[in-house]
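See structure below.
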Amino acid sequence: MARESVLVTGGWASTHLEEPGTVFVETGNSDSEYRKGHLPGAVWIGWDEFQDPLRLGVIDRQEFEKLLSAKGIGNDDTVVLYSVNSNLLAALALWYFRLYGHRSLKLLDGGREKWQRDGHPLTSEETVRQATSYHAEDPDPSIRATRDDVLAAIGTKNLVDVRTPDEYAGRIFAPGFAGEAFAPGNNPHEVAQRAGHVPGAVNLEWSEVLDEDGTFKSEQELERFYTRLDRDRGSITYCWVGARSAHSWFVLSELLGRPDVKNYDGSWGEYGSLVGVPVERGDGPR
């Protein structure tokens, strides 16, 4: 997929704000910054709105339809997503949209931070969009890996652990939290019984695909970064709760056009608590 078909610059975005058929969506953990100021016409969809609190993981098809209908998003709209932290949660949201069959999707390259640094406008004016009747498709299994897919992929596919080297090696569970312990806050999405990685997984940290300004590196640089992956094998990305791995899925699938790339949204939060599955520790092959 061509870079320009899934990434937009601030210049492009500034000429398409509040344009009919284009919907800007800011996402993240908290809407505090959004309420202070957001791209004119952008709607807010929090990370938690995509989550089922009982089943854990992404909401089902019917709830996804209700959510997008309430936000005033139509099936034919071009949805441009952005967030803080170099679009980390925006990439996850894009993956959710893609999972349920939305076709026209883009990321604002560099996210909210670059938009602000470049002096583009923000507004605190409330965005009100007319409700729609959104129709979602069944979840697309070609971009989503389950725990069984991961187990079957050991030794046969590229397993891509995009966490930090310390998480991968099993020295910590999540950045800043040492030892054999639960993740911060005992969030049910962030609990695992043990640390380590899936056997045979290679460690390619998600943030290494970004330039200093938070934009994506060139295709040539990205291809060099992923030379450890066998092009003749499919790939499964995973992290802690599926967000960082969705970012890497975006690079491999949407920017580089690699075939058969799946995001394991259960990630280590699920795999690290499964009984009887193989786990490795240590730095692994380099």
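Residues 81 to 366 (my numbering) make up the sequence shown, in order. Ideal Cβ placement from N, Cα and C applies to all residues, glycine included. Keep in mind the model is a prediction, meaning the values are calculated, not measured.
DSSP bridge partner residues for residue i (one or two, in chain order)
i      : result
THR203 : HIS118
GLU360 : HIS277
LEU87  : LEU187
ASP241 : ASN283 and TYR318
ARG224 : ASN343
TRP124 : GLU106
GLN131 : VAL138
Residue nearest to residue i in terms of C-alpha spacing, selected from the options
i      : options                           : result
GLN273 : ASP293, THR203 and TYR351         : TYR351
VAL357 : VAL103, PRO133 and ARG227         : ARG227
ARG304 : ARG209, TYR318, LEU119 and LEU336 : LEU336
ARG197 : THR89, VAL242 and GLY362          : THR89
ASP340 : THR317, SER166 and PRO245         : THR317
THR107 : LEU87, LEU188 and PRO201          : LEU188
GLY91  : PHE130, LYS237, TRP195 and ALA275 : TRP195
SER287 : GLY250, ILE139, ASP241 and LYS342 : ASP241
ALA249 : ILE234, PRO279, LEU87 and GLY235  : PRO279
SER94  : THR203, VAL230 and LYS342         : THR203
CYS319 : VAL282, GLU292, GLY294 and ASP293 : VAL282
LYS186 : VAL355, VAL331, TYR344 and ASP345 : VAL331
GLY121 : VAL289, LEU239 and GLU206         : GLU206
ASP229 : TRP127, ASP132 and SER315         : SER315
SER166 : GLY364, LEU87, ALA225 and HIS96   : LEU87
GLU285 : GLU292, TYR306, ASP293 and ALA275 : TYR306
LEU354 : GLN131, PHE144, GLY276 and ARG251 : GLY276
GLU129 : ASP345, ALA82, LEU119 and LYS146  : LYS146
ASP291 : GLY190, ARG338 and GLU334         : GLY190
LEU302 : SER333, ARG313 and PHE144         : SER333
ARG338 : GLY349, GLU360, LEU172 and ASP312 : ASP312
ASN343 : LYS237, GLU360, GLY294 and ILE125 : LYS237
LEU97  : GLY126, VAL160, GLN131 and ASP132 : VAL160
GLY349 : LEU239, LEU136 and VAL105         : LEU136
GLY294 : LEU168, LEU174 and GLY181         : LEU168
Exposure label - residue i; buried when at least 16 CB within 10 Å
i      : result
GLY259 : Model confidence at GLY259 stands at a pLDDT of 41, short of 50, so the residue's coordinates are unreliable; what they give is reported in the following sentence. Exposed, by the Cβ-count rule.
LEU134 : exposed
GLY362 : exposed
ARG243 : buried
ALA232 : exposed
HIS215 : exposed
ARG183 : exposed
VAL208 : exposed
ARG192 : buried
ALA211 : exposed
GLY199 : exposed
ALA261 : Confidence in ALA261 is poor, its pLDDT being 34 and thus under 50, which makes the residue's placement unreliable; the coordinate value appears in the next sentence. Exposed, because fewer than 16 other Cβ atoms sit within 10 Å of the Cβ of ALA261.
SER347 : buried
ASN266 : Caution is warranted here: a pLDDT of 43 is assigned to ASN266, below 50, making its placement in the model unreliable, and no coordinate value can be reported.
GLY235 : exposed
VAL321 : buried
ALA170 : buried
GLU247 : buried
ARG178 : buried
ALA82  : exposed
LYS116 : exposed
PRO264 : Any reading at PRO264 is ruled out, since the residue's pLDDT is 37, under 50, leaving its predicted position unreliable.
ASP345 : buried
SER213 : exposed
SER163 : buried
LEU174 : buried
What runs of the beta strand (DSSP E), each 3 residues or longer, lie entirely inside the segment 148 to 214?
Runs of the beta strand (DSSP E) inside the segment 148 to 214: 158 to 162 and 185 to 188.
Residue ranges of each beta strand (DSSP E) within the segment 265 to 347, 3 or longer:
Segments of the beta strand (DSSP E) lying fully in the segment 265 to 347: 315 to 318 and 341 to 343.
Is the segment 214 to 233 touching the segment 287 to 307, taking contact as three or more C-beta pairs under 8 angstroms?
No contact exists between the segment 214 to 233 and the segment 287 to 307.
Is the segment 95 to 112 in contact with the segment 322 to 329, if contact means three or more CB pairs nearer than 8 angstroms?
These segments do not touch.
Does the structure place the segment 140 to 158 close enough to the segment 86 to 105 that three or more beta carbon pairs sit under 8 angstroms?
Yes: the two stretches touch, three or more of their Cβ pairs being nearer than 8 angstroms.
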